[in-house]
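Novice: Here this note's numbering = 1-based position in the sequence shown + 1468. Glycine is no exception: its CB is placed at the ideal position from the N, C-alpha and C atoms. If you're wondering where the values come from, they're calculated on a predicted model, not measured in any experiment. Quick one: this structure, given as structure tokens, is what I'll be asking you about.
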Amino acid sequence: MASTLIETALKTADETREIAFGRDVVEKTGEIFASCFPGKKVIVVADGNTFGACGDAVVESLADAGIEAAAEPYIFPGTPTLYAGYDNVEILREHVRPLGDETVICSIASGTLNDLAKLASGELGREYMNVCTAASVDGYASFGASIAKDGFKITRDCPAPAALVADFEVMAHAPQRLTATGYGDLIEKIPAGADWILADELGVEAIDDYVWSLVQGPLRDTLADPAAIAAGDVDAIAKLAEGNIMSGLAMQAAKSSRPASGAGHQFSHTWEMEGHGLDWEPPLSHGFKVGVGTIASCAIWEEVLKLDLTQLDIDRIIEETPTAAEVEKFVRGMQTERIVEDAVKHTLNKHLEGDELRARLEKIQEAWPRIAERCEKQLASAQEVMDMLHTAGAPYHPELIKIDWDRFRETHYKAQQIRSRYTVLDLLTDINMLDDIVEKLFSDEGFWGKHRHPDN
């Protein structure tokens, strides 16, 4: 029932045990539930839209497998669009809690409701399973749930699903915007791979070849036909779903989001932590923000690869590098109140001075020919990514997600500050050239200077 790639990845997943992946596999829901949760009762959780997609088939399959329902399906309203807010986690958790530890959630969901079920189940100390209704997110098989509380969206710790059911036909009939957001989420794996190569070569975070293969192996083929994905082609959407599920399984194997997340995701995380688009109807999706961040990341990489970093003036860089106190002042002057303390912590954790910075710069000099060669093979151009997103029906410019020009430019700095993960933004910070590259990108002859508006 699962693809060969997924079957391979399941061998190293420590939380997800079974995945049904194919045509008409929604009929296998009961069989999968019985296998994973013998003797347990079920409560089906959906919203009005996802239950309409395949709810009757899921309920029938569970009943046919002899699974006892602990209660009637719990169905959130279909409109307005369900919000990934912690209040909805609490509503679901407290509805399910009285049903007892023998009751397992079977959610019928795309990204938002899957995250609600994931965190509600995690807080109750219970496993859960999900029936996927769209190829919209790489988080189906990952640990952690992206949930907002008090208008502040972060990833909160909780286990991955014990089982997934991903039916091609169901996902192909999802709204096109959900498929497009899945494409935006997945395409960032291209520059995220370059960021990991960089960290690997500098001795910051080694690449695990097996985990790398789970994401990067099928990636280019998955992304190759954005027009077919936009048109709802079942085979193309099946590839997209497989790629996103593989990303989640890779994160399980790595015990980290590194295989699936680089600087492009940090653009999205910055905007999410600032609450951007959370109050829209429908809320601005994670993948739409990630897609724009991917273009930004690839544009940065293009400029970096024009540099010859074997010729660094190390003494000058060390002399001009700001002190920790100056860095902290800069971060505090840039980040919002709700983000600033974490941003200061992460930025100072990465900040180097003196002999430590000298060692890093010498390593950059020594490794640069290998970094450049490997990353050139890994990357796509910013223009290519912009065109692919446009064709897939996803936003391809910051204006299309209502990020104004000054805010977008500022995010090139903020994104470096919000995570400890080493990316191309940190390379530029180490060599004291982030200002230079941002200035070039936004100049009249730079990538963003030439693409100031989405119709250019």
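Using alpha carbons as the reference points, say which of R1826, D1898, Q1833 and M1597 lies closest to V1510.
Specialist: Closest option to V1510, Cα to Cα, is M1597.
Novice: Pairs of beta-carbons, one from the segment 1677 to 1687 and one from the segment 1569 to 1583, closer than 8 Å: are there three or more?
Specialist: No: the two stretches stay apart, fewer than three of their Cβ pairs being nearer than 8 Å.
Novice: With distance defined between alpha-carbon atoms, name the residue in P1922, S1765 and K1813 nearest to P1866.
Specialist: P1866 has its Cα closest to that of P1922, out of P1922, S1765 and K1813.
Novice: So the candidates are T1480, I1474 and A1848; which of them puts its Cα closest to the Cα of I1487?
Specialist: When each option's Cα is compared against that of I1487, the closest is I1474.
Novice: Give the C-beta separation of S1715 and C1766 to the nearest angstrom, bearing in mind that I take them to be a contact with Cβ-Cβ under 8 Å.
Specialist: Rounded, the Cβ-Cβ distance is 18 Å, inconsistent with contact.
Novice: If you draw a straight line from the alpha carbon of H1733 to that of F1756, how long is it in whole angstroms?
Specialist: Using only the alpha carbons, I get a separation of about 11 Å.
Novice: Specify the secondary structure class of F1735 as computed by DSSP and reduced to three states.
Specialist: It is helical.
Novice: Going along the chain, which residues of its own chain have a beta-carbon closer than 6 Å to the beta-carbon of E1495, five neighbours each way excluded?
Specialist: Closer than 6 Å at the Cβ level, and outside the excluded window around E1495, lie S1529.
Novice: Just the Cα atoms here: how many angstroms apart are M1639 and A1792?
Specialist: Rounded to whole angstroms, M1639 to A1792 spans 49 Å at the Cα level.
Novice: Going by beta carbon distance, what residues of the same chain come within less than 8 Å of G1822, once the five residues before and after it are set aside?
Specialist: Closer than 8 Å at the Cβ level, and outside the excluded window around G1822, lie I1786.
Novice: Comparing alpha-carbon positions, which option in K1586, D1618, C1600 and V1599 lies nearest D1625?
Specialist: Of the listed residues, the one whose Cα sits closest to D1625 is K1586.
Novice: Per DSSP, which residues does L1584 bridge with? Please list them.
Specialist: Paired residues: none, contrary to the question.
Novice: At 4 residues or longer, and completely inside the segment 1831 to 1877: list those alpha helix (DSSP H) runs for me, N to C.
Specialist: The segment 1831 to 1877 contains these whole alpha helix (DSSP H) runs: 1850 to 1860.
Novice: According to DSSP, is Y1551 helix, strand or coil?
Specialist: Y1551: coil per DSSP, three-state reduction.
Novice: Going by C-alpha to C-alpha distance, which of R1826, R1887, I1768 and N1817 sits closest to R1784?
Specialist: Ranking R1826, R1887, I1768 and N1817 by Cα distance to R1784 puts R1826 first.
Novice: Whether or not the segment 1737 to 1748 and the segment 1699 to 1708 are in contact is what I'm after, with contact meaning three or more pairs of Cβ atoms, one per stretch, closer than 8 Å; do they touch?
Specialist: Too few Cβ pairs lie closer than 8 Å, so no.
Novice: For D1635, which three-state DSSP category applies?
Specialist: The answer is strand: DSSP assigns D1635 an E or B state.
Novice: Let's test the definition: count the other Cβ atoms within 10 Å of the Cβ of Y1542 and tell me whether it reaches 16, buried, or not, exposed.
Specialist: So Y1542 counts as buried.
Novice: Using only the alpha-carbon positions, how far apart do S1888 and R1842 sit?
Specialist: Approximately 23 Å, taken between the alpha carbons.
Novice: Comparing alpha-carbon positions, which option in I1832, L1717 and I1763 lies nearest R1485?
Specialist: Ranking the options by Cα distance to R1485, first place goes to L1717.
Novice: A1728 and V1683 - do their beta-carbons sit closer together than 8 Å?
Specialist: Yes, these two residues count as a Cβ contact at 8 Å.
Novice: Which same chain residues, not among the five before or five after N1517, have their C-beta less than 7 Å away from its C-beta?
Specialist: These residues qualify, in order along the chain: G1546.
Novice: Count the other CB atoms within 10 Å of the CB of E1540; is the residue buried (16 or more) or exposed (fewer)?
Specialist: Label assigned to E1540: exposed.
Novice: For a test of the three-state rule: what should DSSP assign to C1504, helix, strand or coil?
Specialist: If DSSP states are grouped into helix, strand and coil, C1504 belongs with the helices.
Novice: Going straight from the alpha carbon of L1909 to that of R1920, what length do you get?
Specialist: Their Cα atoms are separated by approximately 11 Å.
Novice: Bridge partners of F1620, per DSSP?
Specialist: The partner list for F1620 (beta bridge, DSSP) reads K1617.
Novice: Taking C-beta to C-beta, are V1513 and L1560 nearer than 8 Å?
Specialist: In this structure, L1560 lies closer than 8 Å to V1513 by Cβ.
Novice: Below 7 Å CB to CB, which residues in the same chain sit around S1471 once its five sequence neighbours on both sides are set aside?
Specialist: Within the same chain, S1471 has close Cβ partners F1489 and E1710.
Novice: Looking at the secondary structure, which residues open and close the beta strand (DSSP E) in which G1650 lies?
Specialist: Segment Q1644 to I1655 is the alpha helix (DSSP H) holding G1650; no beta strand (DSSP E) there.
Novice: Mind checking which residues open and close the beta strand (DSSP E) that includes G1490?
Specialist: Taken as a continuous stretch (DSSP letters only), the beta strand (DSSP E) holding G1490 covers E1486 to G1490.
Novice: Are the segment 1602 to 1617 and the segment 1547 to 1555 touching, with three or more C-beta to C-beta distances below 8 Å?
Specialist: Result yes; three or more Cβ-Cβ pairs closer than 8 Å.
Novice: Is the distance from the Cβ of T1647 to the Cβ of A1603 below 8 Å?
Specialist: For T1647 and A1603, yes; Cβs fall inside 8 Å.
Novice: Using the rule of at least 16 other Cβ atoms within 10 Å of the residue's Cβ for burial, across every protein chain shown, is W1748 buried or exposed?
Specialist: Classification for W1748: exposed.
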